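Report on one structure; see the data block that follows.
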Amino acid sequence: MARTALYAGSFDPVTNGHLDVVRHAVRLAEKLVIAVGVNPGKAPLFSADERLSMLKDICAPLAREAKCELDYVTFSGLVVEAARKAGATLLIRGLRDSTDFNYEMQMAGMNEAMAPGIQSVFLPAWLATFAPRENPPTAAPTTGQARGEYLTRAVSHCGECHNPRTMTMATDNSRFLAGAAKGKGPEGSAVPNITPDRETGLGSWTEEQIADYLETGNKPDGDVAGGLMAEVIQGSSAGYKDLTKADRLAIANYLKSIPPIKNKID
Ligand code: HEC
12 MARTALYAGS FDPVTNGHLD VVRHAVRLAE KLVIAVGVNP GKAPLFSADE
62 RLSMLKDICA PLAREAKCEL DYVTFSGLVV EAARKAGATL LIRGLRDSTD
112 FNYEMQMAGM NEAMAPGIQS VFLPAWLATF APRENPPTAA PTTGQARGEY
162 LTRAVSHCGE CHNPRTMTMA TDNSRFLAGA AKGKGPEGSA VPNITPDRET
212 GLGSWTEEQI ADYLETGNKP DGDVAGGLMA EVIQGSSAGY KDLTKADRLA
262 IANYLKSIPP IKNKID
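Numbering (this note's numbering), first residue to last: 12 to 277.
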């Protein structure tokens with residue numbers, strides 16, 4: 012019987028850490044089922060369909076290379092249940108650090124007790140999601156605007172802060188990157204509109220200036236980034252400053268290509 016593995020997660024959004032896990036997992040099993048968690052109590056950043064299509068784009072080439080069959084399901088509830096339904100005998104878990112490890116060991120113990128036929132396998136997830144890397148994931152776009160979009164949406168989570176929030180505090184993707192007023196952004200901060208709108212967004216910034224800001228925090232008007240933006244530029248172990256210049260320029264190029272939205276943030 013073909014060995015089937017299941018890799019479950021919320022994948023909201025898909026990160027390079029997930030890709031690292033998939034890259035290893037396709038070499039361990041003949042079939043890999045990617046299970047996208049749907050939690051009715053939690054508003055996702057990307058819809059289940061968007062997450063599935065992101066995963067399909069990115070995982071297919073990795074699986075082809077390893078001659079592993081891929082399948083995709085959505086699930087809510089217990090991961091072992093999803094694994095049993097999919098006929099999986101291996102449960103793939105990604106590990107980022109030692110905190111993950113302690114938690115995952117406890118989970119593995121519980122899962123083993125609930126489903127003795129299913130074995131947990133721990134695989135390393137890429138530690139520094141932002142750090143430059145010699146071998147980028149084969150399937151992620153490597154240049155140009157497509158890479159900028161991928162970095163903006165799937166890796167750097169710019170929308171997590173720069174999207175307006177809806178009544179339920181879910182990020183509003185229909186007004187992508189249009190900013191949030193004071194009291195409405197993360198930690199109550201105001202978050203600027205970074206669509207290319209001339210008056211209320213980044214319309215007057217050049218791509219070079221945006222890329223430079225993501226490295227140094229210096230604005231064209233001489234001001235410097237503060238608050239949460241300064242934190243994500245700097246990062247605790249790696250931040251936007253650690254992206255390559257080409258990647259910062261790709262993000263800037265993508266930002267200039269999205270629809271301008273008029274939304275004045277004071
Ligand atoms: C953790 C929240 C957070 C994330 C993630 C984030 N930003 Fe920001 N950003 C902010 C805040 C808050 C400010 C306002 C900073 C200040 O007050 O100096 C800001 C400011 C900016 C500005 C300056 C705009 C202006 O008019 O002054 C740009 C450009 C920008 N961000 C781009 C980005 C890009 C591109 C990304 C993703 C690669 C991103 N940000 C991710 C919170 C965030």
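Note that CB positions come from ideal geometry on N, CA and C, so glycine has one too. Given the structure is predicted, the values throughout are model-derived calculations rather than measurements.
Considering only residues of the same chain and omitting the five flanking positions on each side of residue i, which have a CB-CB separation below 7 Å?
i	result
Gln220	Pro231
Ala198	It should be pointed out that residue 198 corresponds to Glu in this sequence rather than to Ala. For Glu198, where only same-chain residues beyond five positions count, the Cβ hits under 7 Å are Leu239.
Leu260	Glu218 and Ala222
Ala257	none
Gly196	Cys172 and Val202
Which of helix, strand or coil does DSSP assign to residue i?
i	result
Ala16	strand
Ser200	coil
Lys195	coil
Pro207	coil
Asn113	helix
Asn229	strand
Ile244	helix
Val25	coil
Arg75	helix
Ala94	helix
Ala54	coil
Ala263	helix
Pro148	For Pro148, the predicted structure reports a pLDDT of 48, less than 50, and the residue's modelled location is therefore unreliable. A value from the coordinates is still provided. Note: Pro148 maps to coil in three-state DSSP.
Ala142	With a pLDDT of only 38 at Ala142, under 50, the local geometry of the prediction cannot be trusted, and no value is derived from it.
Leu66	helix
Val37	coil
Asp7	Residue coverage of the chain in this structure runs from 12 to 277, which leaves residue 7 outside it and unanswerable.
Ala4	In this structure the chain extends from 12 to 277, so residue 4 is not present and cannot be described.
Ala189	coil
Asn274	coil
Leu162	helix
Strictly by DSSP, which residues pair up with residue i?
i	result
Tyr83	Ile45
Gln220	DSSP, once it has assigned bridges, lists no residue as partnering Gln220.
Ile103	Tyr18 and Val132
Val235	Asn229
Can you name, in chain order, every residue of its own chain whose Cβ lies under 6 Å from the Cβ of residue i, other than the five neighbours on each side?
i	result
Gly214	Pro207 and Asp208
His35	Leu134
Cys169	Thr163
Glu41	Ala13 and Arg14
Ile262	Gly159, Leu162 and Thr163
Asn204	Ala189, Gly190, Thr211, Gly212, Asn274 and Ile276
Tyr18	Ala36, Ile45 and Ile103
Gly194	none
Val90	Ala19
Might you give, ordered along the chain, the residues of its own chain that have their beta carbon closer than 8 Å to the beta carbon of residue i, omitting 5 neighbours on each side?
i	result
Arg186	Asn174, Pro175, Ile272 and Asn274
Phe141	Note that Phe141 scores 40 on pLDDT, short of 50, meaning its location in the model is unreliable; the coordinates nonetheless yield the value given after this. For Phe141, where only same-chain residues beyond five positions count, the Cβ hits under 8 Å are Val166, Ser167, Gly246, Ala249, Gly250, Tyr251, Asp253 and Leu254.
Pro152	Arg158, Glu160 and Tyr161
Glu115	Arg104, Leu106, Ser131 and Phe133
task: Evaluate the contact criterion for the stretch 82 to 102 versus the stretch 40 to 52: three or more CB pairs, one atom per stretch, below 8 Å.
output: Using a C-beta cut-off of 8 Å, the stretch 82 to 102 makes contact with the stretch 40 to 52, since at least three inter-stretch Cβ pairs fall below that distance.
field: Stretch-stretch touch, CB-based, cutoff 8 Å, three pairs: the stretch 100 to 115 with the stretch 125 to 135
entry: Yes: the two stretches touch, three or more of their Cβ pairs being nearer than 8 Å.
- prompt: Just checking, does the stretch 49 to 59 make contact with the stretch 89 to 99 on the three C-beta pairs under 8 Å criterion?
  reply: For the pair of segments examined, the stretch 49 to 59 was found not to touch the stretch 89 to 99: the number of CB pairs separated by less than 8 Å stays below three.
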